[in-house]
Amino acid sequence: MSAHKIIIAIDGFSSCGKSTLAKELAQRLEYNYIDSGAMYRAITLYFLRNFIDFSDHDKVLEALANINLLFVFNEETQTSDIHLNDEDVEPYIRDMIVSEKVSEVAAIREVRSFAVAQQKRMGRKKGIVMDGRDIGTAVFPDAELKIFMTADPEVRVVRRYKEMYATNPHITIEEVRHNLELRDYIDSTREESPLHQAADAILLDNSVLTREEQLETVLEWVKDRATNPHPQGSAVH
Ligand code: DC
């Protein structure tokens with residue numbers, strides 16, 4: 064679309080549709096898509112599998128030294144899967160057992176430094192769409208386009224429930240609601256890079272937008288930012 068590649072940072076609460084938008088943008092623009100949440104989830108999976116005591120900083124550092132994360136492009140799904148020490152862990156990282164602990168793990172300073180250092184390296188060549196909680200505020204504070212996504216909490220609960228029900232029909236809507244509320248609370252109140260809208264991010268509330276409307280709106284912003292890199296933030300509802 065544009066010869067001038069930019070960095071697109073997408074932040075927001077859990078289950079706002081950040082990854083759906085990010086994947087579609089990456090495909091349309093031929094950019095790399097990086098799901099930064101998958102990195103925190105893979106680290107959590109490693110900690111759980113190896114019984115790492117999250118409250119012990121030395122044990123956390125020792126564990127991180129044994130973790131190698133890599134995104135590998137999957138031809139079938141046309142998106143990148145996260146590999147933990149050469150194992151494709153995509154099938155496990157969205158299980159409830161990981162979802163229940165990931166916000167706690169992502170709040171640990173050493174874990175964030177480890178993940179953020181890799182994320183910054185991935186953006187060196189631009190042409191990247193990354194979604195998460197601190198992408199526009201901490202990982203890429205100079206990103207040409209920052210989007211802060213939000214949606215009605217009940218819309219998010221239903222979306223997440225449908226997604227999780229597909230692989231776990233025993234899940235209840237109450238469990239999903241509780242997990243989302245808890246994660247939103249921990250993610251936005253933690254000391255290290257809490258979730259908040261960057262001053263120069265555009266607010267995108269997608270409660271009532273269709274996927275196509277959302278994508279077309281954001282593609283217009285990309286076109287604009289690729290030629291005019293420093294406009295002011297604004298709101299779209
Ligand atoms: O996007 P997600 O729900 O897969 O993210 C899982 C958790 O990881 C989320 O509860 C908060 C954390 N996270 C973070 O702290 N910073 C990021 N950039 C991405 C995710």
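Per our numbering, the very first residue in the sequence shown carries number 64; after that it's consecutive. Every residue, glycine too, gets a C-beta built ideally from N, C-alpha and C.
Would you check whether the ligand DC has a heavy atom nearer than 7 Å to the C-beta of residue i?
| i | result |
| --- | --- |
| residue 214 | no |
| residue 99 | yes |
| residue 199 | no |
| residue 143 | no |
| residue 80 | no |
| residue 158 | no |
| residue 190 | no |
| residue 112 | no |
| residue 239 | no |
| residue 103 | yes |
| residue 169 | yes |
| residue 186 | no |
| residue 219 | no |
| residue 263 | no |
| residue 77 | yes |
| residue 268 | no |
| residue 287 | no |
| residue 166 | yes |
| residue 222 | no |
With a CB to CB cut of under 6 Å and the five nearest residues on each side skipped, what residues in its chain are close to residue i?
| i | result |
| --- | --- |
| residue 230 | none |
| residue 303 | Past the boundaries of the shown model lies residue 303; the chain is included only from 64 to 300, so the question cannot be answered. |
| residue 148 | 131 |
May I ask which residues mark the beginning and end of the alpha helix (DSSP H) holding residue i?
| i | result |
| --- | --- |
| residue 250 | 236-252 |
| residue 225 | 216-228 |
| residue 100 | 99-112 |
| residue 83 | 81-92 |
| residue 126 | 120-128 |
| residue 178 | 172-185 |
Would you decide whether residue i is buried or exposed? Buried here means 16 or more other CB atoms lie within 10 Å of its CB.
| i | result |
| --- | --- |
| residue 258 | buried |
| residue 277 | buried |
| residue 106 | buried |
| residue 98 | buried |
| residue 260 | buried |
| residue 198 | buried |
| residue 81 | buried |
| residue 51 | Beyond the ends of the chain as shown, which are 64 and 300, falls residue 51; an answer cannot be given. |
| residue 112 | exposed |
| residue 250 | buried |
Return the first residue and the last residue of the beta strand (DSSP E) that residue i is part of.
| i | result |
| --- | --- |
| residue 143 | 142-147 |
| residue 200 | Element bounds for residue 200: n/a, residue is neither H nor E. |
| residue 208 | 208-213 |
| residue 169 | Where residue 169 is concerned, there is no enclosing beta strand (DSSP E), although the alpha helix (DSSP H) it sits in stretches over 159-169. |
Less than 7 Å between C-beta atoms, sequence neighbours within five positions excluded: which residues of the same chain meet that for residue i?
| i | result |
| --- | --- |
| residue 227 | 234 and 239 |
| residue 153 | 144 and 145 |
Leaving out five residues on either side along the sequence, give the residues of the same chain with a beta carbon under 8 Å from the beta carbon of residue i.
| i | result |
| --- | --- |
| residue 207 | 69, 70, 71, 288, 289 and 292 |
| residue 124 | 173 |
Nearest chain D C-beta to residue i closer than 8 Å, yes or no?
| i | result |
| --- | --- |
| residue 170 | This model lacks chain D altogether, as it is built from one protein chain only. |
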